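A.B. asks: Residue numbers (the numbering used here): 7 to 175.
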């Protein structure tokens, strides 16, 4: 199945200061956007996974990036490389969403084998590789393909959205 995909990350800010006769302004605009055509090399991707997921209080789940996740048509996805990622914790969460530190076969390309990242309620993480990057973030089936996601505490569930864009080779 052909896939065309893109991912954008943007920041806009304007710092102002009132002076005697004018207002000084320092505008900032930073954008990082990548589009991928169908394929597996530089500037290409051929797999996408997206889902809204819930974790019970204090629960964890291991997302197997090589052969277990299903695409929108119910087909198993085997990522060899991740080129784009968005994870968003629902703003209505009480607890945090924790990424990383799988007990075995950790997908270490992003956070290392034991690193974690905390997404507070409403927080988002966006990552995209450049258009010339053929490598992306490697996924190694059977030894480096588990992205652990955890609910940081008891009492309430957490909801999070995830989008993975990558290549099968």
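For every residue, glycine included, the Cβ atom is placed at its ideal position computed from N, Cα and C.
In this text, all values refer to a predicted model and were calculated from it rather than measured experimentally.
1. Cβ of residue 107 within 7 Å of Cβ of residue 122?
2. Pull up the distance between the alpha-carbon of residue 68 and that of residue 118, whole angstroms please.
3. Residue 142 and residue 88 - do their beta-carbons sit closer together than 7 Å?
4. Please name the residue or residues paired with residue 132 in a DSSP beta bridge.
5. Out of curiosity, what's the CA-to-CA distance linking residue 164 and residue 110?
6. Just the C-alpha distance for residue 13 and residue 27, rounded to the nearest angstrom, thanks.
7. Along the chain, which unbroken stretches of the beta strand (DSSP E) at least 3 residues long are found entirely within the stretch 54-91?
8. If you compare alpha carbons, which of 8, 10, 63 is closest to residue 160?
C.D. replies: Taking the structure as given:
1. Within the chain shown, numbered from 1, the residue matching residue 107 stands at position 101. Within the chain shown, numbered from 1, the residue matching residue 122 stands at position 116. Closer than 7 Å, so yes.
2. Counted from its first residue, the chain shown places residue 68 at position 62. Counted from its first residue, the chain shown places residue 118 at position 112. Approximately 16 Å between the Cα atoms of the pair.
3. In the chain shown, the residue the question calls residue 88 occupies position 82. In the chain shown, the residue the question calls residue 142 occupies position 136. Between residue 88 and residue 142, the gap from beta carbon to beta carbon is short of 7 Å.
4. Here residue 132 refers to the residue found at position 126 when the chain shown is read from its first residue. Answer by DSSP bridge pairing, in chain order: 92.
5. On the chain shown, position 158 is the one that residue 164 refers to. On the chain shown, position 104 is the one that residue 110 refers to. Spanning the two alpha carbons is a distance of roughly 23 Å.
6. As a working note, residue 13 is residue 7 in the chain shown. As a working note, residue 27 is residue 21 in the chain shown. Residue 13 and residue 27: Cα-Cα distance of roughly 42 Å.
7. Inside the stretch 54-91, DSSP marks whole beta strand (DSSP E) runs of 3 or more residues at positions 66-70, 72-76, 82-84, from first to last along the chain.
8. For the purposes of this step, residue 160 is taken as the residue at position 154 of the chain shown. Nearest C-alpha to residue 160: 63.
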